[in-house]
Each structure stands twice: as structure tokens, then as C-alpha cells.
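The structure under discussion appears below in the form of C-alpha cells.
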Amino acid sequence: AQSVAQPEDQVNVAEGNPLTVKCTYSVSGNPYLFWYVQYPNRGLQFLLKYITGDNLVKGSYGFEAEFNKSQTSFHLKKPSALVSDSALYFCAVRDGVDYGQNFVFGPGTRLSVLP
Amino acid sequence: SAVISQKPSRDICQRGTSLTIQCQVDSQVTMMFWYRQQPGQSLTLIATANQGSEATYESGFVIDKFPISRPNLTFSTLTVSNMSPEDSSIYLCSVEEDSTDTQYFGPGTRLTVL
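From first to last, the protein sequence lines stand for chains A and B.
No gaps in the numbering here: position 6 of the first sequence is 560 in the working numbering, and each next residue is one more.
No gaps in the numbering here: position 91 of the second sequence is 629 in the working numbering, and each next residue is one more.
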């Protein structure tokens, strides 16, 4: 069975500074990894995903994430944070081999970008 | 990416009543999902709804409490039956695009049970 950990409940960063939101995963087969963002009173918005190929994937709003197989991590990054990036971020994983397994979402990390 | 709408966006209901939430997607998809989310918390999968078959419920969720319909490839409903205050939550519909292995989410339905 797969699982996702987001070790930080809350991340605070000053506007203009780089940000990192951490995610580690466990999956039996090939990992399909995803990041979603949720703004207040909104549904989840897809940011980016890793299926195969280049370990560094780029997504919406200037975000990127790096797949690290040896560390089983998929950390979300952005070079320069904006106040508008403040939101709840979810990492998710599914097993790319066993399609009978559903998506598993992490507990979420609340990002606060301070002006 | 798929565009998903949900109705109603929010509702306040009395204990013992039922509410049906509608989910409409702008393209045909095989797999649709219903999740529950407490504000600020992670998502809990209620069930998977595939057209032409019975919904598959996760542990802790039963059809009598959460009946689901999936009449075609663009529409699904979730009913929350015989509601109690513990059912107060955000209910999210999602779809998995057949070509991209990615789930997309509707805006959610915020339910409050008094």
C-alpha cells in the first residue's frame, strides 16, 4: 500500500525568498506523484506531476518539484515566493503499476508567505 | 484539463434530512470520485463511481448512507442521507482524465448540519 508524508504542518517564508514544501512517499510499484494547492473555500487545483522522464518537473504559477528516487521524495519548490502563494498544499501518490490502487493524499502543509 | 462544477456550493441542513450533491464535468471520463474533507484537513475518499457499475465504497462508508449515481460519463450525484452534525464537511467531486492519469477537482460543497 502507498503512503505520503508531509513532515511540516506549516511553512512560513518571507515574500521574495525561495520556498520548499516537503513530501516523501512510499509505493510498491512506480510512483506517480502530484502536487495540488487549495486556496480558502476552493477545491484542489492541480499544480504539477511526475510520471516519468526528467526528475525536475515544472508546473503552474512558477512552481517546480524534484523527484528523488533514492530519498523517495518529491519536494515542491519556488525560487521567489509571493504573498498570493499562501494556501494549503497537498502531495499525492498513486502506484503507476497497480491501477487498482487509488490516489493517496498527504496531510497537507499550510504555506504562509509574509509580506 | 477537465472543468468540473458542483451544486450546491454550500447548504445548511437539518438533522435527519438528506442532501444530493451534483457533479458535472465538461468531458467524458471513466472514473469519478467523491471525497470528504474537514476544513484545513486532508481528503478522505468516500467512493469511486464508474459509469455502468456499482460504486465502490471505501472502508467506513456504506451505500445506505452515501448512495451514488453515475448515469453517464459526465455526471454523478452523491446523496448524504439521514444527516447528523457529524456529516458537516466539505464534499469534493473529482475526475481522472483517461489520457493524463491526473485527478481534477470540483470546487466542493460545504455542508453544515444543524
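Even for Gly, the Cβ is constructed at its ideal location relative to N, Cα and C.
In terms of DSSP beta bridges, what is residue i paired with?
i, result
"residue 585/A", "649/A"
"residue 549/B", "649/B"
"residue 631/B", "572/B"
"residue 581/B", "575/B"
"residue 671/A", "Residue 671/A lies beyond the stretch modelled for chain A, which goes from 555 to 669, so this question has no answer here."
"residue 665/A", "565/A and 641/A"
"residue 543/B", "562/B"
"residue 611/B", "Looking at the DSSP assignment, residue 611/B forms no beta bridge with any residue, so it has no partner."
"residue 606/B", "616/B"
Closest to residue i by C-alpha separation, out of the options, would be which residue?
i, options, result
"residue 610/B", "561/B, 548/B and 625/B", "561/B"
"residue 580/B", "614/B, 551/B and 629/B", "629/B"
"residue 616/B", "554/B, 555/B and 571/B", "571/B"
"residue 606/A", "656/A, 650/A and 594/A", "650/A"
"residue 642/B", "612/A, 571/A, 602/A and 575/A", "602/A"
"residue 620/B", "554/B, 540/B and 632/B", "554/B"
"residue 628/A", "595/A, 608/A, 598/A and 567/A", "608/A"
"residue 592/A", "644/B, 598/B and 652/B", "644/B"
"residue 564/B", "612/B, 596/B, 557/B and 624/B", "612/B"
"residue 546/B", "634/B, 618/B, 569/B and 559/B", "559/B"
"residue 640/A", "619/A, 656/A, 664/A and 623/A", "664/A"
"residue 574/A", "632/A, 604/A, 582/A and 585/A", "632/A"
"residue 564/A", "549/B, 551/B, 578/B and 568/B", "578/B"
"residue 590/B", "599/B, 606/B, 634/B and 540/B", "606/B"
"residue 657/A", "576/A, 577/A and 585/A", "585/A"
"residue 588/A", "581/A, 604/A and 576/A", "604/A"
"residue 624/B", "552/B, 632/B and 593/B", "552/B"
"residue 583/A", "555/A, 560/A, 594/A and 619/A", "555/A"
"residue 581/A", "571/A, 669/A, 638/A and 623/A", "623/A"
How about residue i and residue j: do their beta carbons lie closer than 8 Å?
i, j, result
"residue 579/A", "residue 614/A", "no"
"residue 635/A", "residue 590/A", "no"
"residue 642/A", "residue 662/A", "yes"
"residue 574/B", "residue 587/B", "no"
"residue 659/A", "residue 644/A", "yes"
"residue 667/A", "residue 562/A", "no"
"residue 626/B", "residue 651/B", "yes"
"residue 600/A", "residue 637/B", "no"
"residue 661/B", "residue 541/B", "What the structure shows of chain B is the stretch from 539 to 652, and residue 661/B is not part of that stretch, so it cannot be assessed."
"residue 557/B", "residue 600/B", "no"
"residue 596/B", "residue 583/B", "yes"
"residue 598/B", "residue 597/A", "no"
"residue 544/B", "residue 631/B", "yes"
Residue i touches chain A at which residues, Cβ-Cβ below 7 Å?
i, result
"residue 643/B", "597 and 598"
"residue 639/B", "586 and 605"
So with CB distances below 8 Å, who are the chain B contacts of residue i?
i, result
"residue 609/A", "The premise fails here: residue 609/A is roughly 18 Å from chain B at the closest Cβ pair, so nothing lies under 8 Å."
"residue 644/A", "580 and 581"
"residue 662/A", "578, 579 and 580"
"residue 659/A", "580 and 581"
Determine the chain B residues that contact residue i at a beta-carbon separation under 9 Å, and present them in chain order.
i, result
"residue 656/A", "571, 583, 586 and 596"
"residue 561/A", "Under the 9 Å cutoff, chain B gives no residues; its nearest Cβ is about 14 Å from residue 561/A."
Please compile the residues from chain A whose C-beta is within a distance smaller than 9 Å of the C-beta of residue i.
i, result
"residue 630/B", "597 and 598"
"residue 539/B", "600"
"residue 590/B", "Chain A residues near residue 590/B: none, gap ~18 Å exceeds 9 Å."
"residue 554/B", "Chain A residues near residue 554/B: none, gap ~27 Å exceeds 9 Å."
Beta strand (DSSP E) runs wholly inside the region 595-657 of chain A, at least 3 long, in chain order: The qualifying runs are 598-604, 610-612, 618-622, 627-632 and 641-649.
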